[in-house]
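Per this note's numbering, the sequence shown starts with residue 41, numbered consecutively.
Ideal placement from N, C-alpha and C gives every residue a C-beta, glycine not left out.
The model shown is predicted, which means the values in this text are computed figures rather than measured ones.
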Amino acid sequence: MANMDRAQIIEAEQAHSAKVYERFPVVAVKARGASLWDIDGREFIDCMSAYGVGVVGHCHPRVVEAIKRQAERMIACHSSLYNDARAEFVAKLTDMAPKGLSRAFLCNSGAEAVEGALKLARKHTRKSGFVAMMGSFHGKTMGALSVTWNPKYRDPFLPLLGNVQFVPYGNAERLRAAISAETGAIITEAIQGESGVRLPPEGYLQELRELCDEKGILLILDEVQTGLGRTGRLWASEHSSVIPDIMCLAKGLGGGVPIGALLAKEEVMASFEKGDHSSTFGGNPLAAAAGSAVLDVLREERLPERAVRLGERFKERLGRLQRAYKVVRETRGIGLMLAVDLRFDVRDVLLQALEAGAVLLYSGKTTIRLLPPLVIEERQVDLAMEALEQAVARQEERVG
């Protein structure tokens, strides 16, 4: 089985895996930095980075070394025991977190972090209601799905949590009207990712913060995709100078190792008592060691600043793309979180970009999303954009 060829690998996954993923016709076997290679040795510029996981790049040497070193010492350690790797990680994480988010609960994914946030908000406020945003995505477990907007994800699993109100993202007036005596928290992404890299209007997050303070409710920010430097700041909320009561993290936090984190203010996290919430694998030493290495790399290699510079290079090329091709409706983004809206289904463009050597990501039927590693090089930005332009040009020629 270890020597399977391309066809055998595809056949095995199709035969035995749940059919819940849209698959690209690539058998990826190796990755480094912002590149990945398929089983035939072909190199691709990876602007998907495992749905934004590759913040510090694939197989960063510091992360690999931390994992190797920890794997030889201890891999599993339940949080009923103290652990040195976990202690180092939570100390670093809370030190780098927005001011006041001094307590962390460690888990294994973004959806788990959101589940914990919803439970914590209910426990702290003793209120069952949430206000979430149209266009939101917070995960596909039952609680996270309850505050996720897209009916495509929600409808097959109804009924979900009750007392969730959805309001238009960016409309503070509609938000205020949706709040009731039973509302315990507002949950939002700092920037909406799944719905196409939708940035909040100027001042919107500040309005949310002020409204929560006025009404005595909690503000939950989902920074699973936007955190850890992707937008040019360590946390996207820094662009608005807003500090939430609860913040959810995951994706790039473990350098590719599954990890999630729920951060909260001292008085909020204090509402959780022993036994209220737990995770068998959460905070395991292997993930904690990887997470510590990621935080070191982010700070020492100044990756948020790099995201600003490389993001500007992408945006300049995207602007040229929009001016050159009528099929490009809009381009937008911040840092290395970018999107391209087309006037038709993007599937063929994604497949043609693959042929040209770039792995891109969809965000709905007509939007291409770019979430490259923050270590991407200038030449790789240009190669990725050349692949995208070739694909767009072919489609414009086809549709006339």
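Counted within 10 angstroms of its Cβ, other Cβ atoms place residue i as buried (16 or more) or exposed
i: residue 295; result: buried
i: residue 195; result: exposed
i: residue 266; result: buried
i: residue 260; result: buried
i: residue 209; result: buried
i: residue 390; result: buried
i: residue 166; result: exposed
i: residue 65; result: exposed
i: residue 424; result: buried
i: residue 63; result: exposed
i: residue 243; result: exposed
i: residue 249; result: buried
i: residue 154; result: buried
i: residue 185; result: buried
i: residue 315; result: exposed
i: residue 121; result: exposed
i: residue 312; result: buried
i: residue 241; result: exposed
i: residue 198; result: exposed
i: residue 48; result: exposed
i: residue 233; result: buried
i: residue 152; result: buried
i: residue 427; result: buried
i: residue 57; result: exposed
i: residue 138; result: buried
i: residue 329; result: buried
Whether residue i touches residue j by CB criterion (7 Å)
i: residue 8; j: residue 400; result: Residue 8 falls outside the range modelled here, since the chain spans only 41 to 440, and no answer is possible.
i: residue 354; j: residue 421; result: yes
i: residue 223; j: residue 169; result: yes
i: residue 96; j: residue 337; result: yes
i: residue 175; j: residue 89; result: no
i: residue 283; j: residue 375; result: no
i: residue 255; j: residue 219; result: yes
i: residue 388; j: residue 370; result: no
i: residue 373; j: residue 237; result: yes
i: residue 264; j: residue 291; result: yes
i: residue 92; j: residue 300; result: no
i: residue 321; j: residue 211; result: no
i: residue 325; j: residue 117; result: yes
i: residue 126; j: residue 331; result: no
i: residue 437; j: residue 361; result: no
i: residue 231; j: residue 276; result: yes
i: residue 172; j: residue 204; result: yes
i: residue 285; j: residue 258; result: yes
i: residue 55; j: residue 412; result: no
i: residue 459; j: residue 216; result: Residue 459 falls outside the range modelled here, since the chain spans only 41 to 440, and no answer is possible.
i: residue 308; j: residue 327; result: no
i: residue 398; j: residue 85; result: yes
i: residue 392; j: residue 434; result: yes
i: residue 410; j: residue 87; result: yes
Extent of the continuous beta strand (DSSP E) run through residue i
i: residue 341; result: Where residue 341 is concerned, there is no enclosing beta strand (DSSP E), given that its DSSP letter is neither H nor E.
i: residue 229; result: 223-229
i: residue 252; result: Residue 252 -> not in any beta strand (DSSP E); alpha helix (DSSP H) instead, spanning 244-255.
i: residue 144; result: 143-147
i: residue 172; result: 169-173
i: residue 381; result: 377-382
i: residue 205; result: 204-207
i: residue 258; result: 258-262
Boundaries (first-last residue) of the alpha helix (DSSP H) holding residue i
i: residue 435; result: 418-439
i: residue 304; result: Taken as a continuous stretch (DSSP letters only), residue 304 belongs to no alpha helix (DSSP H), being part of the beta strand (DSSP E) at 300-304.
i: residue 389; result: 387-395
i: residue 182; result: 182-186
i: residue 370; result: Counting along the chain, residue 370 falls outside any alpha helix (DSSP H), though it belongs to the beta strand (DSSP E) covering 368-374.
i: residue 154; result: 150-165
i: residue 218; result: 212-218
i: residue 409; result: Counting along the chain, residue 409 falls outside any alpha helix (DSSP H), though it belongs to the beta strand (DSSP E) covering 407-410.
i: residue 139; result: Note, residue 139: premise wrong, no alpha helix (DSSP H); not H, not E.
i: residue 193; result: 191-194
Within the stretch 41-107, ranges of the beta strand (DSSP E) (whole runs, at least 3 residues): 68-72, 75-78 and 83-86
The stretch 360-373 / the stretch 129-138 touching (three or more Cβ pairs under 8 Å): no
Three CB pairs or more closer than 8 Å across the stretch 74-88 and the stretch 107-123: no
The stretch 176-184 / the stretch 141-148 touching (three or more Cβ pairs under 8 Å): no
Any 3 or more C-beta pairs closer than 8 Å across the stretch 267-281 and the stretch 303-322: no
Length-filtered (4 minimum) alpha helix (DSSP H) runs lying within the stretch 111-136: 124-136
Continuous alpha helix (DSSP H) assignments of at least 4 residues falling wholly in the stretch 284-328: 306-309
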